[in-house]
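Here's the structure, in structure tokens; my notes come after.
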Amino acid sequence: MRLGILGGSFDPIHVGHVRLAIEAREHLGLDEVVLEVARVSPFKVGQSVASAETRLRMTRAAVDGIPGLRAGDTELGRDGPSYTIDTLRAYAGNELALILGSDALAEFQAWREWQAILQLARLAVAERPGSPARDAIQALPAEFRDRVVFFPAPLLDVSSTDIRARVREGRCLRYLVPDSVIQIIEEERLYL
Numbered sequence: 056m057r058l059g060i061l062g063g064s065f066d067p068i069h070v071g072h073v074r075l076a077i078e079a080r081e082h083l084g085l086d087e088v089v090l091e092v093a094r095v096s097p098f099k100v101g102q103s104v105a106s107a108e109t110r111l112r113m114t115r116a117a118v119d120g121i122p123g124l125r126a127g128d129t130e131l132g133r134d135g136p137s138y139t140i141d142t143l144r145a146y147a148g149n150e151l152a153l154i155l156g157s158d159a160l161a162e163f164q165a166w167r168e169w170q171a172i173l174q175l176a177r178l179a180v181a182e183r184p185g186s187p188a189r190d191a192i193q194a195l196p197a198e199f200r201d202r203v204v205f206f207p208a209p210l211l212d213v214s215s216t217d218i219r220a221r222v223r224e225g226r227c228l229r230y231l232v233p234d235s236v237i238q239i240i241e242e243e244r245l246y247l
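Add 55 to the 1-based position in the sequence shown for the working numbering, that's all there is to it.
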């Protein structure tokens, strides 16, 4: 199976995450994209606001009914930080594409076992207008550059940090977050 993996804290998941998954699936011809919820991101230790289980519930709600997208809970079964290499190993046997935003490519060589990641999966990098992503590929050793593919993605200026601030300020989340996720945020009184 041609499988895309889009990992994240999804605290909360928003339309930018969902759109990125859809664009990757369509442009790369993937059978499925798994939005893999991190228990604890190694880059965001101590920063999660909603529990991992609630973030998984929101992610499931966000992708419900969208063909070829599903929420993943592989990382929730592990203790400690969620490392991409461990998640990819859990999906071994599939043709894997690790979906990244262009900003993540510049920091990719700081990831745990980044060379092993490139042996298990292609990097599928969302290329946004004006991003330096194609320049960042030059930082990779030559033998790995052919493991990176680019695909166009719309520039949606949405962030989970901004959404949490909007909730605290009592501002409207409509069209930034799927309605099903807004409902969970309101029911659980998250981010207040």
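For glycine and all other residues, C-beta sits at the position ideal for the given N, C-alpha and C.
Test item: CB-CB of residue i and residue j under 8 angstroms
i, j, result
"L247", "R226", "no"
"V92", "I60", "no"
"S137", "V204", "no"
"G123", "E168", "no"
"L75", "A181", "yes"
"T114", "A126", "yes"
"A194", "S157", "no"
"F163", "E78", "no"
"S186", "H69", "no"
Enclosing beta strand (DSSP E) for residue i [first to last residue]
i, result
"R177", "176 to 182"
"R125", "124 to 127"
"A91", "One detail in the question is off: residue 91 reads as Glu in this sequence, not Ala. From DSSP, the beta strand (DSSP E) with E91 extends over 87 to 92."
Nearest-angstrom beta carbon gap, residue j and residue i [assumed within contact, 8 angstroms]
i, j, result
"R183", "A161", "R183 to A161, Cβ: 13 angstroms. No contact."
"V213", "L228", "Contact flag wrong, Cβ pair sits at about 10 angstroms."
"I192", "P67", "I192 to P67, Cβ: 31 angstroms. No contact."
"G63", "H72", "6 angstroms"
"Y146", "L58", "6 angstroms"
"I140", "A171", "6 angstroms"
Per DSSP, cross-strand counterpart(s) of residue i
i, result
"R57", "E150"
"F205", "V180"
"V73", "For V73, which the question treats as bridged, DSSP gives no partner whatsoever."
"G63", "V92"
"V232", "R229"
Start and end residues, alpha helix (DSSP H) containing residue i
i, result
"E224", "Where E224 is concerned, there is no enclosing alpha helix (DSSP H), given that its DSSP letter is neither H nor E."
"L111", "107 to 118"
"A159", "157 to 161"
"L191", "Per the sequence shown, residue 191 should be read as Ala rather than Leu. Where A191 is concerned, the enclosing alpha helix (DSSP H) stretches over 188 to 191."
Task: the stretch 103 to 111 in contact with the stretch 128 to 138 per 3-pair CB rule at 8 angstroms - done: yes
TODO: Please determine if the stretch 152 to 164 and the stretch 117 to 126 are in contact, where contact requires at least 3 C-beta pairs separated by less than 8 angstroms.
DONE: no
- [ ] Spell out a yes or no on whether the stretch 158 to 177 and the stretch 75 to 82 are touching, meaning 3 or more CB-CB pairs, one atom from each, closer than 8 angstroms.
- [x] no
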